[in-house]
Amino acid sequence: MEVFHHRREINQHITSLKKEGKAIGFVPTMGALHDGHISLVHASKQQNDITVVSIFVNPTQFNNKEDLAKYPRTLQTDLPLLEKEGCDMVFVPDEKEMYPEPDLRVFSFGNLDKVMEGKYRPGHFNGIAQVVTKLIDIISPHRAYFGFKDFQQLIVIKKLIDDCQYPVEIVSCPIVREADGLAMSSRNIRLSPEERKHAALIPKTLLRAKQTGTSVSPARLKKAVTDTINKDPHLQVEYFEIVDDKTLQPVNSWDQTGVKVGCIAVYAGNVRLIDNITFNS
Ligand code: AMP
Numbered sequence: 002m003e004v005f006h007h008r009r010e011i012n013q014h015i016t017s018l019k020k021e022g023k024a025i026g027f028v029p030t031m032g033a034l035h036d037g038h039i040s041l042v043h044a045s046k047q048q049n050d051i052t053v054v055s056i057f058v059n060p061t062q063f064n065n066k067e068d069l070a071k072y073p074r075t076l077q078t079d080l081p082l083l084e085k086e087g088c089d090m091v092f093v094p095d096e097k098e099m100y101p102e103p104d105l106r107v108f109s110f111g112n113l114d115k116v117m118e119g120k121y122r123p124g125h126f127n128g129i130a131q132v133v134t135k136l137i138d139i140i141s142p143h144r145a146y147f148g149f150k151d152f153q154q155l156i157v158i159k160k161l162i163d164d165c166q167y168p169v170e171i172v173s174c175p176i177v178r179e180a181d182g183l184a185m186s187s188r189n190i191r192l193s194p195e196e197r198k199h200a201a202l203i204p205k206t207l208l209r210a211k212q213t214g215t216s217v218s219p220a221r222l223k224k225a226v227t228d229t230i231n232k233d234p235h236l237q238v239e240y241f242e243i244v245d246d247k248t249l250q251p252v253n254s255w256d257q258t259g260v261k262v263g264c265i266a267v268y269a270g271n272v273r274l275i276d277n278i279t280f281n282s
């Protein structure tokens, strides 16, 4: 496995591999890798000749300085893990390499970034678009892999790739969960043992909501999920929305056509966790 710190070097290397006809799969991450990330690596390895992972904690997507400062950085264990999993190349740029100049680009996603994560984390998706376009330009992969865990991010990135007309296939991978159902996240290691235990209520409540399904209105289900989680003194719901999987607009009636996804953000102490569940249509 080769580790690159400079965009020109990795770009040249990938350009020559592409000339040899190799298919390139790309998994962008912020490190502190867990089995969720590794599932993306496995998917890429199955579908491509070469798998490239990037590890970069992108400052422009953080609207909260403390969250950025406290974001776990575990490069010393990330690299051996990627090597063990058969990753071919890792791109580990520093901030200067990615942002030699401040990035002043402003992206527009219509209504997709006005709701949920976009509403509560202003500028978050603009920062994501800045880093993803830069990474796609550097790596120029045939396919890029994203987790369904960050459902809104996945939808925004699909729109970004379409708008920019990048010849890249976006592949979405299912949410990988801990044994008690908690969605794996780099932020989970910041939870206290008590918070970690209580955080399992999030997926449990989402699953129950899915089982309840259309027997109650979306509005009532929204309230039931929020109330159940807020009753736990360790947890505080920031939002729970049931949205259309294409427009991300709230669903008022189960009779609406299209797939519905319940998306949630919850604070466990100071740690912000997100999760989602797809309702049967
Ligand atoms: P991050 O390092 O948090 O930016 O995540 C990098 C990629 O891994 C994103 O596409 C995430 O959606 C994906 N990912 C993170 N957690 C999970 C998970 N539990 N299951 C599947 N994919 C995940």
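Going by this note's numbering, the first residue of the sequence shown is number 2, and it counts up by one from there.
Note that beta-carbon positions come from the ideal geometry of N, C-alpha and C, so glycine has one too.
Proximity test, residue i beta-carbon vs the ligand AMP heavy atom, cut-off 7 angstroms
i    : result
G37  : yes
C174 : yes
F108 : no
N75  : The identity of residue 75 in the sequence shown is Thr, whereas the question assumes Asn. Flag unset: Cβ of T75 not near the ligand AMP.
A266 : no
V177 : yes
A201 : no
T30  : yes
L41  : yes
D163 : no
K232 : no
F147 : yes
D68  : no
D246 : no
K150 : yes
A184 : yes
S254 : no
S45  : no
S187 : yes
Nearest-angstrom Cα separation, counted from residue j out to residue i
i    : j    : result
G259 : D245 : 6 angstroms
N253 : A184 : 27 angstroms
G22  : L41  : 22 angstroms
Q153 : V54  : 21 angstroms
P204 : E10  : 42 angstroms
I25  : N189 : 30 angstroms
K46  : R221 : 43 angstroms
Q48  : K232 : 44 angstroms
A130 : S17  : 27 angstroms
L76  : F63  : 20 angstroms
Q237 : L208 : 18 angstroms
V177 : G32  : 16 angstroms
D181 : I278 : 15 angstroms
P73  : K66  : 14 angstroms
H14  : M90  : 10 angstroms
D256 : N281 : 12 angstroms
D164 : H125 : 18 angstroms
I140 : F57  : 14 angstroms
V93  : H6   : 5 angstroms
N12  : K211 : 44 angstroms
G214 : K247 : 20 angstroms
G111 : H199 : 36 angstroms
T227 : Y121 : 16 angstroms
G119 : L113 : 8 angstroms
F241 : K135 : 32 angstroms
G263 : Y100 : 35 angstroms
Sequence-distant residues of its chain with Cβ nearer than 6 angstroms to residue i (five each side left out)
i    : result
N127 : F108
C88  : M2, V42, T52, V54
P219 : I243, V252
I275 : A266
L34  : D79, L82
K20  : none
E196 : H235, A269, G270
DSSP three-state assignment for residue i, whether helix, strand or coil
i    : result
S186 : coil
F5   : strand
L274 : strand
A269 : strand
Minimum Cβ-Cβ distance from residue i to chain D less than 8 angstroms
i   : result
K46 : Any reference to chain D falls outside this structure, which holds one protein chain only.
Cβ-based neighbour list, residue i, same chain, cut-off 7 angstroms, excluding 5 preceding and 5 following
i    : result
V133 : P29, I158, L161
Y167 : I137
P60  : L69, E96
I230 : L202, I203, T206, L236, V238, V267
L155 : F147, F149, S173
D104 : T61, Q131
P142 : I25, G26, F27, V53, V169
Close beta carbons around residue i, own chain, < 8 angstroms, minus the five adjacent residues each side
i    : result
G37  : G148, K150, I176, V177, A184, M185, S186
R144 : A24, I25, G26, F27, S45, Q48, N49, V169, E170, I171, V172
R191 : K71, P73, N271, V272
Contiguous beta strand (DSSP E) assignments of at least 3 residues, all confined to the segment 8-47: 25-30
Let me know the beta strand (DSSP E) ranges lying completely inside the segment 52-126, each 3 residues or longer, listed in chain order. 90-92
In chain order, which alpha helix (DSSP H) runs of at least 4 residues are fully inside the segment 218-258? 219-231
Could I get the ranges of all uninterrupted beta strand (DSSP E) runs contained in the segment 121-183, with 3 residues as the minimum, in chain order? 144-148, 170-174
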